């Protein structure tokens, strides 16, 4: 359950920053505008990609087209102070291990959590949505660097598995499907997992956790059969997970 | 380069224990018989799967059909002593994080490394092939548990990326391909990566690293274009990686 003090939270957790045939964040523009109502300047965390300069340039250009000014933390002399004074926070996608290690090395986790719990708008995409969860344990990325802990921001009390891909019945590949990998997570862990398909996002606002976007989501809980929920569902009401 | 003292090593590193349309380990039976020449009893490490009992039963039955007796470490009162006295070692596939954590928690890494460097035959499959590498950093598994370190057995001096899957040009999915994930590894790490397709294995013997099986392998090195190598290639001769 979301706790009462969570009603201040204002989050948009996106599965995928670019869907097939569209431009960067195009499919989420109206959701982004909704989260950022009243905001002008946004702190951007580009740490999930190796080339932070070009990532920041791409994100800055995209947000400028929506009328927002983005300030990338990697150019700040004091990233924690940038977060402390940010009007909103956006964590972009890439490699989740690299991202979480940077947030730990820069001592940003507590500051981000405290700001978001106080109502600072937060957008995460892909790896940025995973680090909003209690741990990074539902990433599909390669563990290319070792963070000191798998513990992440814990802005929600469930795990997201973004880029959720349904099994391909015609495949002859023998590697595990995403559903089988989530099954391994549930063998070892208690928290529910939201399989978030690429066109989808979760919107956390006024204590609700709403599924937004064009696809249903698949909810996995230990010892239960997975269930499908439709866009518009409030996961705090219609499932037991949030 | 393999070092001179590595000439004792006798390894079979399999991409995938079951290929489409065949039974468990069927496609590798002749390779397994070759590695295990003169061996009767094999220590089996089932830690990559949650249900160790049924995993051990499946592997025991399969090796019994080839004339070998398998002893599963999870039933041993002292797994390090089982490894110490084993005639050969087989590490099965599953979740690489779970596997490596168990090897660390049971203090098995040093013992396995020392036995294999002394010539004890070693078979790894999938996750079992990854832990034969210096680290688990090229796994595609979910990090469902946290090992204390990403360092693994270092039986070879390169990384394997098993179940290697070529990009699907018709896919509209926007998640990273395996090649892109390996690119992220090479942004952060120096060691070469062998993308090992499902029908393939590497055979380390007499200081050579031979590609076995029905598929070519794809070799990734930092700052170079990936190259394809054919079955029969000795990676210590025809590439600079091993």
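Protein chains in written order, with the numbering used here: chain S, 1 to 242; chain F, 1 to 242. Note that beta-carbon positions come from the ideal geometry of N, C-alpha and C, so glycine has one too. Just so you know, these numbers come straight off a predicted model, no measurement behind them.
Check, Outcome
"Sequence-distant residues of its chain with Cβ nearer than 7 Å to residue 220 of chain F (five each side left out)", "182, 186, 192, 193, 195, 226"
"Of the listed residues F/175, F/166, F/45, nearest to residue 128 of chain F (C-alpha basis)", "F/45"
"Closer than 8 Å to chain S by CB, residue 47 of chain F", "no"
"Nonlocal neighbours in the same chain, by C-beta distance under 8 Å from residue 170 of chain S, ignoring five residues either side", "none"
"Cut-off 6 Å between Cβ atoms - residues of its own chain near residue 159 of chain S, not counting five sequence neighbours on either side", "133, 138, 191, 193"
"Inter-stretch contact (C-beta, 8 Å, three-pair minimum) for the segment 200-214 of chain F and the segment 55-64 of chain S", "no"
"Beta-carbon proximity list for residue 97 of chain F, same chain, < 8 Å, skipping 5 on both sides", "136, 139, 141, 142, 143, 144, 145, 146, 147"
"Closest residue to residue 216 of chain F among F/6, F/15, F/9 (Cα-Cα distance)", "F/15"
"Minimum Cβ-Cβ distance from residue 120 of chain F to chain S less than 8 Å", "no"
"Where residue 158 of chain F falls: helix, strand or coil (DSSP)", "coil"
"7 Å CB neighbourhood of residue 118 of chain F in its chain, flanking five on each side removed", "8"
"Residue span of the alpha helix (DSSP H) that contains residue 232 of chain S, given as start and end", "First-last for residue 232 of chain S: undefined, no H or E at that position."
"Beta strand (DSSP E) runs wholly inside the segment 174-238 of chain F, at least 3 long, in chain order", "193-196, 200-205, 208-213, 217-220, 227-229"
"Those runs of the alpha helix (DSSP H) which lie wholly inside the segment 9-86 of chain S and span at least 4 residues", "29-35, 52-65, 79-85"
"Short Cβ contact (8 Å threshold) for residue 178 of chain S with residue 165 of chain S", "yes"
"For residue 97 of chain F, the three-state DSSP class (helix, strand or coil)", "helix"
"Given residue 48 of chain F as reference, the closest of F/104, F/83, F/94, F/210 once Cα atoms are compared", "F/94"
"Closer than 8 Å at the beta carbon, the chain S residues around residue 141 of chain F", "176, 181, 184"
"CB-CB length for residue 153 of chain F against residue 112 of chain F, believed under 8 Å", "6 Å"
"Cut-off 7 Å between Cβ atoms - residues of its own chain near residue 188 of chain S, not counting five sequence neighbours on either side", "none"
"Straight-line gap, residue 86 of chain S to residue 50 of chain S (C-alpha atoms, nearest Å)", "23 Å"
"Interface flag, residue 16 of chain S vs chain F, CB-CB below 8 Å", "yes"
"Inter-residue Cα distance where the pair is residue 214 of chain S and residue 55 of chain S", "26 Å"
"Those residues which DSSP pairs with residue 123 of chain S across a bridge", "S/12, S/90"
"Beta-carbon separation (whole angstroms), residue 28 of chain F vs residue 19 of chain S, contact threshold 8 Å", "Not really, about 40 Å apart at Cβ, beyond 8 Å."
"Beta-carbon proximity check, residue 79 of chain S vs residue 73 of chain S, cutoff 8 Å", "yes"
"Through-space distance from residue 162 of chain F to residue 1 of chain F, alpha-carbon basis", "Unreliable positioning characterises residue 1 of chain F in this predicted model, as indicated by a pLDDT of 46, which lies under 50. A coordinate reading is not provided."
"Limits of the alpha helix (DSSP H) - the one that residue 144 of chain S falls within", "From DSSP, residue 144 of chain S is part of no alpha helix (DSSP H); its letter is neither H nor E."
"N-terminal and C-terminal residue of the alpha helix (DSSP H) that residue 109 of chain F is part of", "109-117"
"Buried or exposed by the 16-neighbour rule on C-beta atoms within 10 Å, applied to residue 92 of chain F", "buried"
"Bridge partners - residue 135 of chain F, DSSP secondary structure assignment", "F/151"
"Below-8 Å beta-carbon distance, residue 50 of chain F vs any chain S residue", "yes"
"Minimum Cβ-Cβ distance from residue 11 of chain F to chain S less than 8 Å", "no"
"Counted within 10 angstroms of its Cβ, other Cβ atoms place residue 121 of chain F as buried (16 or more) or exposed", "buried"
"Residue 137 of chain F: contacting residues in chain S (beta-carbon distance under 7 Å)", "142, 143, 144"
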